[in-house]
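Numbers 1 to 435, taken from the UniProt record's numbering, label the letters of the sequence shown in order. A virtual CB, placed ideally from N, CA and C, is assigned to each residue, including glycine. Reviewing the structure listed below.
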Amino acid sequence: MGAEESKGPSVSVNGRGEAVDQGWGDPRGAAAAVDFPNSCGQLTEAVAWTLLHQCTLDNWKDGHAGAAGFAETILTCDGLLHKDCNFSFCMSRQGIISINKANSIFSFRKRSKFAKMAEHFEYNHIPAQMSSINHFRVKSVLCFRENLVVLHLTRNTNSHFGLLDLGINKFLGVFGNRHVEFANEALAGEISPDQSKCLLRMPTVPGHTRPQAPVNVVLQLYDLKAMQLLREMELYFNICHFCFDPRFSWQRIAVTNFEANHTNSLSLVQLDTWQTVHTNSTVADIHHILYPCMKDLSYSKDGSLLIAVVVDITCYCREKRMRTCRPLHCSIYIFSGDTADTLHCIQYHRYTCARHLCPVNYTPVLSVCGNRMAILMNIPYMPGQNYVQVYKLPTVNNLQSLCRIVILQNFATHHLPQLPLPQKIIDSLQFKPEF
Ligand SMILES: [Zn+2]
Ligand SMILES: [Zn+2]
């Protein structure tokens with residue numbers, strides 16, 4: 001979104017870089033006194049963690065998102081976790097249209113077993129002979145980056161992984177036969193920033209080397225060109241979160257509970273050697289252990305920050321009258337991408353369910369420039385009112401980062417490739433590191 005689009009009639013601007021009133025007495029009053037820093041050019045001067053903007057979800061969809069520099073307007077989703085949506089793929093956000101259930105083409109199969117997400121990929125992107133002759137079924141989308149998609153496939157109760165290029169609409173192949181069929185929720189994956197590798201998290205398969213071993217988690221790094229397992233590391237816990245540092249092609253990840261006896265830790269790990277660079281042993285200070293409350297871990301676009309989502313997991317969604325009874329407590333912890341040190345925590349309430357509903361409902365989104373974070377929250381006892389808050393993130397103080405923020409706030413993303421600049425600078429504006 002460019003600066004031109006940011007001056008819609010529904011947007012009120014006070015023209016000063018001041019923080020919005022954080023008092024909850026009259027949230028609509030606060031939203032009326034809205035401040036759009038990108039209109040007054042003072043964003044980079046605002047102090048980190050300042051609440052820059054607050055509006056209702058309806059306002060957000062009606063233009064405030066674009067005016068505040070965000071491409072993401074979808075912050076709620078009715079999809080079921082691990083069926084319709086998962087942590088790296090949301091049906092609503094990715095814009096996949098639900099398939100017409102009355103269509104006779106689909107009537108031969110027991111529909112209830114298939115989530116819409118799996119259906120969409122199986123019918124649209126899997127070659128016919130793979131499903132009809134080789135009996136591969138799509139269970140879910142594990143992860144995607146730009147046009148590359150990694151699918152969780154099953155065949156004869158074995159889990160496999162499939163690689164798909166949506167850009168050329170080609171199924172590239174199958175890798176990683178696991179001799180057991182995993183539930184979707186047991187798996188996680190991420191494609192490396194240079195798209196050459198894929199890191200998958202899955203339960204260890206007992207019976208191979210250590211029959212009596214408890215089920216732990218293994219991280220497996222696959223080469224996506226050769227579709228081969230490169231290396232693996234068995235961890236001491238049965239769950240962890242990880243994400244690739246966007247600055248290091250595939251070589252560095254952040255991972256939780258990587259080291260033994262650390263049940264609340266975040267480590268920066270060199271993936272080519274499995275060596276720990278830094279560890280923060282107290283990630284969430286209000287919990288003794290990270291799981292099951294930890295729900296998401298991601299890097300900011302430039303890799304300078306790590307963002308962890310920790311929520312309480314009490315379910316209120318099974319009974320209709322309970323749904324609006326109590327909101328979830330959500331905490332966004334933010335760490336340094338270089339040292340894993342804790343920098344900040346933002347807490348808020350949200351009426352949703354972290355166990356059954358799509359994570360889009362409580363996961364923050366970043367602005368196009370990567371320097372602001374938006375969260376969707378509720379005020380307790382007002383479940384019908386959804387508010388979006390935009391916070392300023394700390395800025396890396398170098399000329400390249402500052403220029404990138406200003407340029408991204410003033411030029412629409414699709415104009416970037418046409419700017420009269422060297423390709424390397426255009427890549428940098430698109431957060432593509434030099435590989
Ligand atoms: Zn969703
Ligand atoms: Zn629930």
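Supposed close pair residue i, residue j - CB separation, criterion 8 Å
i: P364; j: I307; result: 7 Å
i: D302; j: S401; result: 6 Å
i: L166; j: G173; result: That pair is no contact at about 15 Å.
i: L151; j: F161; result: 7 Å
i: L187; j: L224; result: Not really, about 17 Å apart at Cβ, beyond 8 Å.
i: N216; j: E234; result: 6 Å
i: R404; j: S428; result: 7 Å
Within 9 Å, strictly: CB atoms of residue i and residue j
i: H356; j: C315; result: yes
i: residue 461; j: R323; result: In the structure as shown, the chain begins at 1 and stops at 435. Residue 461 is therefore absent and cannot be evaluated.
i: L75; j: V388; result: yes
i: F121; j: P193; result: no
i: M294; j: T256; result: yes
i: G63; j: L408; result: no
i: N184; j: R155; result: no
i: G176; j: S196; result: no
i: S88; j: A118; result: no
Cβ-heavy atom distance, residue i to ligand 1, below 8 Å
i: G79; result: yes
i: C353; result: no
i: C85; result: yes
i: R350; result: no
Member of the options whose CA lies at the smallest distance from the CA of residue i
i: N59; options: T256, L268 and Q385; result: Q385
i: V269; options: K83, C243 and I289; result: C243
i: N378; options: L200, I168, S300 and P327; result: P327
i: residue 489; options: S267, H262, T157 and E259; result: No answer is possible for residue 489: the residues shown for the chain start at 1 and end at 435.
i: I313; options: Y291, Q275 and L297; result: Y291
i: N361; options: V396, D296 and N410; result: D296
i: F182; options: Q423, L200 and I425; result: L200
i: A67; options: N397, C369 and I425; result: C369
i: E146; options: I426, A128 and Q94; result: Q94
Cβ-based neighbour list, residue i, same chain, cut-off 6 Å, excluding 5 preceding and 5 following
i: S331; result: V310, C345 and Q347
i: E232; result: V218 and Q220
i: G79; result: C85, M91 and C358
i: A115; result: K83 and D84
Same chain, Cβ closer than 7 Å to residue i, neighbours up to 5 away in sequence not counted
i: I126; result: F136, V138 and F171
i: C317; result: R323, C353, H356 and L357
i: Q430; result: L416
i: T73; result: W60, K61 and A65
i: N280; result: S265, L266, F335, A340, D341 and T342
Any non-hydrogen atom of ligand 2 closer than 8 Å to residue i Cβ
i: R318; result: yes
i: H288; result: no
i: H82; result: no
Cβ neighbours of residue i in the same chain (closer than 8 Å, five flanking residues each side left out)
i: Q228; result: F175 and Y222
i: H349; result: P327, L328, H329, C330, M377, N378, I379 and P380
i: residue 467; result: Because the chain in this structure spans residues 1 to 435, residue 467 falls outside the shown range and cannot be described.
i: I99; result: In this prediction, I99 scores a pLDDT of 36, lower than 50, which makes its location untrustworthy; no coordinate-derived value is stated.
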